[in-house]
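For the sequence shown, the residue numbers in my numbering are 2 to 253. Here is the structure we will look at, set down as structure tokens.
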Amino acid sequence: MDTHKEKINLEKLPRHIAIIMDGNGRWAKKHNQPRVFGHQNGVNAVRESAEASAELGVEVLTLYAFSTENWKRPESEVNALMELLVESIHGEINTLMDNNIRLNTIGDIQSLPEKCHDELLSAIHKTRNNSRMVMNVALNYSGKWDITQAIKKIARGVKNGEIHADNLDCQDVDQYLSTAGMPDVELMIRTSGEQRISNFLLWQTAYAEFYFTPVLWPDFSKKHLYEAILNYQCRERRFGKISEQITQDKQC
Ligand code: FPP
């Protein structure tokens, strides 16, 4: 059911939505199941949000699937997550093709298990010409990692004379991050009631609107995404200016 969809102003869509998919473990516990059952059901919510975002015309959807800190989880859960990732990327390739979605990853995927790495590269290759939306899956990712790898590239550029440190501005730095060429995040959603950024896209969310919902990730549906977008469209985005300077049409 596309409840709320018709109320969305397509002229004022967030160009880039990022989601911290949280609450899989609690959802599984509620259903008296092991944690991995929550992750398995989380894949349905990935499909729902990807389809809904692409149908509306969102340019980029970034999903936090595995952080650099998630390696600290029990080995059995890490292995199950990696296997699930391989299975779901493989299983959802038709959804990506049908919806004209290009898969991309952000994060250090070299350190993922080989099978996982290969499956990702194959899906990235298969979807490379899809043009309706980019779906970034953040894997072995953290915001601090991203900024650090950008600093390393910039430092090398300065050392070899390709970059002039005094001329470097924020837009230049953007080009060294893993989201180079993509718009900054405009709407950041976190499910499960937690209200933290958890080392996600630290630089790219500088002016993002944050939306927190108590819904646990496996229950997150298209309807919930529409609610988040409608809420975003009711906000006044000032970017440091004062209210009277904002010329954008008021939505609510
Ligand atoms: C957070 O819930 C969820 C994760 C760390 C994993 C999310 C991964 C998927 C949904 C797998 C599929 C992903 C793709 C992109 C195909 P949690 O385990 O922290 O839940 P809790 O806080 O309730 O314990």
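We put the beta carbon where it would ideally sit given N, CA and C, even for glycine.
DSSP places Y233 within a helical segment (H, G or I) once states are collapsed to three. In this structure, Y208 is the residue among H225, V216, G92 and Y208 with its C-alpha nearest to the C-alpha of K242. A direct Cα-to-Cα measurement between K31 and I125 gives close to 35 Å.
Residue pairing by DSSP puts S68 in a beta bridge opposite Y142. Beta-bridge analysis with DSSP links T106 to V138.
Beta-bridge analysis with DSSP links R191 to I21 and F213.
For V59, the secondary structure class from DSSP, reduced to helix, strand or coil, is coil. Judged by DSSP in its simplified three-state form, I94 adopts helix. No residue range can be given for I198, since it is assigned to no alpha helix (DSSP H) and is classified by DSSP as neither H nor E. H5 places its beta carbon 8 Å or farther from that of P184. Distance from the Cα of L226 is smallest, within the candidate group L62, Q41 and S50, for S50. If you ignore the 5 residues before and after E115, its C-beta comes within less than 8 Å of no other C-beta in its own chain. In this structure, A46 sits away from P215, with a CB-CB distance that is not shorter than 8 Å. When rounded, the separation of the alpha-carbon atoms in R157 and T106 is 24 Å.
By the 16-neighbour rule on beta-carbons within 10 angstroms, F201 is buried. Nearest to G144 by C-alpha distance, out of L217, D99, Y177 and V61, is Y177.
At a Cβ-Cβ threshold of 8 Å, G43 and G26 do not count as neighbours.
By the C-beta density criterion, K223 is buried, having at least 16 other C-beta atoms within 10 angstroms.
Using a Cβ distance threshold of 8 Å, V61 and N71 do not count as a contacting pair. In the displayed model, E163 falls within coil according to three-state DSSP, outside both helix and strand. With fewer than 16 other Cβ atoms from the protein chains shown falling within 10 Å of its own Cβ, E7 counts as exposed.
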